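Novice: Numbering (the UniProt record's numbering), first residue to last: 1 to 665.
For glycine and all other residues, C-beta sits at the position ideal for the given N, C-alpha and C.
These numbers come from a predicted model, not from an experiment.
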């Protein structure tokens with residue numbers, strides 16, 4: 001996708017032609033759109049409203065009745081929670097951040113493209129209902145970028161649901177708080193008091209409609225280039241006021257943020273290898289100043305069409321009248337509404353995925369992962385990139401390919417950005433890592449680059465997952481009926497439920513529409529009732545199958561490992577099991593029995609274990625895990641129908657290690 005001025009605005013272009021101080025001091029109050037039923041409140045007024053709310057009073061009474069605590073002590077705790085949580089706005093603070101962000105973004109990025117039509121629709125949506133911004137989450141830059149973008153385009157700065165980790169960063173925590181951030185704990189499900197305060201606080205912000213609320217449906221940053229399963233907790237809190245008739249509607253705004261290069265790419269890869277992330281701190285922020293010497297390419301921000309909560313509830317047949325006789329201050333979400341929110345989360349995520357943009361480096365990464373030894377000739381890469389650009393674009397991938405540039409020039413540009421990962425050596429392109437490793441420890445030392453490469457490759461999954469699953473359904477079959485293909489497809493959907501995003505109500509439609517798309521493109525032909533891959537479709541379907549090959553192989557390795565273990569794993573958790581299997585995988589890579597570094601990822605291993613839990617191969621109990629050999633064997637045999645397995649692994653016994661520490665670099 002070439003960026004044109006008709007479709008996208010460059011957020012940084014005005015800043016390169018104007019003094020940053022003039023920009024930061026601009027007057028915008030009269031230009032901001034406003035909700036027609038807006039209620040303006042100060043921080044103190046919101047605080048008072050929460051503390052005097054019937055919801056909090058009811059919760060305090062419940063706590064007093066259940067454990068006999070003094071009411072005054074509970075209210076004192078409530079005040080402390082609010083002090084820790086609450087946001088505030090300071091115009092001087094916002095201007096200071098605007099000045100700093102303008103300089104920072106110009107230094108780090110070449111361009112930040114923002115969808116022009118999306119901005120216009122967002123501006124119009126403010127009048128009729130409260131607005132909730134729902135961005136993708138790949139970097140800490142995300143929420144800073146959204147606020148900066150709103151300031152640039154004269155839109156209200158959002159209230160940002162930020163993790164409490166940031167509240168530990170001296171000076172930075174105050175800067176963010178005074179720009180609209182409110183801090184919430186990562187987990188508080190069992191804390192009635194915290195839950196009541198959080199719910200009341202968020203719903204006051206939504207109902208007042210003074211500014212949009214912003215939070216990440218994924219809950220945390222994705223470290224893998226894939227989408228995390230969406231969390232419905234905060235969205236439930238947002239939806240409830242509408243269900244109880246306290247607002248006429250809510251506009252949900254999906255936002256897709258695509259990076260050429262992720263700022264935290266190395267840290268993310270290390271986390272996937274089991275290295276704990278550094279604790280957020282102000283000193284750590286200053287130590288990261290070396291990033292200003294790096295080139296992080298471009299960012300593309302697509303603002304999706306506003307989603308009317310009212311319209312979505314009508315389409316889903318949600319009956320809001322059930323709340324008419326219940327007190328408004330008691331949080332209630334029946335089974336139908338919970339299902340509606342879960343499906344709404346998935347719908348929003350699929351909307352985000354449709355507008356993700358990939359850079360040419362993503363194509364390069366995918367081709368390198370599939371190349372023997374993670375290297376290939378430059379001429380081969382030029383040819384393959386041209387082919388893949390056309391094939392991926394034809395299947396709906398949005399590729400940000402610079403207008404008028406040759407593939408040779410484009411490859412030079414992406415290698416300049418990703419120089420730490422890949423290099424040109426004479427007439428070849430290869431990973432920037434030692435080629436020969438002999439021990440598991442050495443494998444782990446070089447694995448960071450391989451995991452990073454896989455994360456960029458994974459950015460193709462949102463647009464290519466469906467055709468990849470249909471392509472895999474043909475594996476081992478010269479021809480098949482639609483029913484046979486769907487049975488294979490359905491198994492893969494279940495297997496990869498945590499790797500990919502699927503809407504439970506559209507499985508059949510997704511399969512049929514993908515089959516039609518491949519047929520219309522002449523990649524698949526139909527003779528009578530039999531479907532088969534055409535000669536012109538062999539290259540594409542082979543690529544698509546290889547896209548999911550590391551996941552299938554990783555899941556099979558997990559099955560094989562578990563079949564070497566005793567049936568009962570006392571005191572073993574899914575997390576410790578994943579780390580133990582990771583050590584085994586490192587040994588297999590060191591001995592040459594495995595070639596895929598992707599399988600070292602704790603995310604992949606954890607998802608494989610979760611999938612086996614869902615398929616009945618593992619049972620969880622308070623005492624540990626129980627393995628169901630017949631179900632694990634069935635899953636392993638089914639996976640073997642889709643891929644060619646390494647011959648040495650079919651006979652080689654796995655070590656029976658049941659626990660192990662996290663990997664160390």
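Drop a sphere of 10 angstroms on the beta-carbon of residue 117, count the other beta-carbons inside from all chains shown, and report buried for 16 or more, exposed for fewer.
Specialist: Exposed.
Novice: Below 8 Å, can you find three or more Cβ-Cβ pairs linking the segment 51–62 to the segment 215–229?
Specialist: No: fewer than three Cβ pairs fall under 8 Å.
Novice: Give the DSSP bridge partners of residue 115, in chain order.
Specialist: Bridge partners of residue 115: 8.
Novice: When you compare each of 365, 300, 492 and 131 to residue 551 by their alpha carbons, which one comes out closest?
Specialist: Selected option, being the one with the closest Cα: 492.
Novice: Could you tell me whether any non-hydrogen atom of the ligand FMN is closer than 6 Å to the CB of residue 373?
Specialist: The model depicted lacks the ligand FMN and carries no ligand whatsoever.
Novice: When the distance is taken between beta carbons, is residue 179 closer than 7 Å to residue 670?
Specialist: No information on residue 670 is available, as it lies outside the stretch 1 to 665 that the chain covers here.
Novice: Which word fits residue 191, buried or exposed, when buried means at least 16 other C-beta atoms lie within 10 angstroms of its C-beta?
Specialist: When all chains shown are included, residue 191 counts as exposed.
Novice: So, helix, strand or coil for residue 661, using DSSP?
Specialist: With a pLDDT of only 36 at residue 661, under 50, the local geometry of the prediction cannot be trusted, and the value read off the model is given with reservation. Correct three-state label for residue 661: coil.
Novice: Pick from 536, 303 and 446: whose alpha carbon is nearest that of residue 387?
Specialist: Closest by alpha carbon: 536.
Novice: Can you give me the start and stop residues for the beta strand (DSSP E) that residue 620 sits inside?
Specialist: Looking at the DSSP string, the run of the beta strand (DSSP E) that includes residue 620 is 618–621.
Novice: Beta carbon of residue 602, beta carbon of residue 243: below 7 Å?
Specialist: No, Cβ-Cβ distance for residue 602 and residue 243 is not below 7 Å.
Novice: Looking only at its own chain, which residues have a Cβ that is under 6 Å from the Cβ of residue 9, when we skip the five neighbours before and after it?
Specialist: Excluding residues within five positions, the ones whose Cβ falls inside 6 Å are 114 and 116.
Novice: According to DSSP, simplified to helix, strand and coil, what is residue 651?
Specialist: If DSSP states are grouped into helix, strand and coil, residue 651 belongs with the helices.
Novice: Give me whichever residues DSSP pairs with residue 137 in a beta bridge.
Specialist: None; residue 137 has no bridge partner.
Novice: Under DSSP, the beta strand (DSSP E) around residue 300 begins and ends at which residues?
Specialist: Counting along the chain, the beta strand (DSSP E) containing residue 300 begins and ends at 299–303.
Novice: Is residue 607 closer than 7 Å to residue 498 when the C-beta atoms are compared?
Specialist: Closer than 7 Å, so yes.
Novice: Which of the three DSSP states, helix, strand or coil, is assigned to residue 228?
Specialist: Looking at residue 228 - three-state DSSP - the assignment turns out to be coil, as it is neither helix nor strand.
Novice: Does the segment 129–138 come into contact with the segment 205–222, if we say contact requires no fewer than three beta-carbon pairs (one atom in each stretch) closer than 8 Å?
Specialist: Yes: at least three Cβ pairs fall under 8 Å.
Novice: Cα separation between residue 322 and residue 308?
Specialist: Answer to the nearest angstrom: the Cα atoms are 21 Å apart.
Novice: When you compare each of 205, 91 and 68 to residue 38 by their alpha carbons, which one comes out closest?
Specialist: Residue 38 has its Cα closest to that of 205, out of 205, 91 and 68.
Novice: In this structure, how does DSSP classify residue 183 when only helix, strand and coil are distinguished?
Specialist: Here residue 183 sits in strand by DSSP.
Novice: What residue range does the alpha helix (DSSP H) around residue 507 cover?
Specialist: Run containing residue 507: 507–520, per the alpha helix (DSSP H) assignment.
Novice: Compare the Cα-Cα distances from residue 119 to each of 156, 98 and 88 and report the closest residue.
Specialist: Per the Cα distances, 156.
Novice: Looking at C-alpha atoms only, which residue of 144, 375 and 366 is the closest neighbour of residue 668?
Specialist: Nothing in the structure corresponds to residue 668, since the chain is present only between 1 and 665.
Novice: Enumerate in chain order the residues of its own chain whose CB-to-CB distance from residue 259 is below 7 Å, with the five nearest sequence positions on each side excluded.
Specialist: Cβ neighbours of residue 259 beyond the five flanking positions: 138, 139 and 299.
Novice: Do the CB positions of residue 578 and residue 623 come within less than 7 Å of each other?
Specialist: Cβ distance not < 7 Å, so residue 578 and residue 623 don't count as in contact.
Novice: Once DSSP output is grouped into helix, strand and coil, what is the label at residue 395?
Specialist: In the structure shown, residue 395 sits in coil (DSSP, three-state: anything other than H, G, I, E or B).
Novice: Quick check on residue 549: buried or exposed, where buried means 16 or more other Cβ atoms within 10 Å of its Cβ?
Specialist: It counts as buried.
Novice: So residue 123 and residue 35 are in contact, right, with Cβ under 8 Å, and what is the actual spacing, rounded?
Specialist: So it is not a contact: roughly 12 Å between Cβ atoms.
Novice: Using the Cβ count rule (16 or more neighbours within 10 Å means buried), how would you classify residue 526?
Specialist: The residue is exposed, with fewer than 16 neighbouring Cβ atoms inside 10 Å.
Novice: Locate the beta strand (DSSP E) running through residue 254, then write down its first and last residues.
Specialist: Segment 251–259, the beta strand (DSSP E) holding residue 254.
Novice: Taking C-alpha atoms, which residue in 98, 13 and 24 lies nearest to residue 111?
Specialist: Closest by alpha carbon: 13.
Novice: Within a Cβ cutoff of 6 Å, which residues of the same chain sit near residue 234, ignoring the five residues on either side of it in sequence?
Specialist: Counting only Cβ-Cβ distances below 6 Å, and skipping sequence neighbours, we find 215.
Novice: Starting from the C-beta of residue 196, find all residues in its chain whose C-beta is less than 7 Å away, skip the five residues before and the five after it, and write them out in chain order.
Specialist: 55, 56 and 59, listed in sequence order.
Novice: What residues in its chain sit with their C-beta under 6 Å from that of residue 409, if we drop five residues either side in the sequence?
Specialist: The answer is none, since no qualifying residue turns up.
Novice: Is it buried or exposed for residue 91, if we count other Cβ within 10 angstroms and need 16 for buried?
Specialist: Result: exposed.
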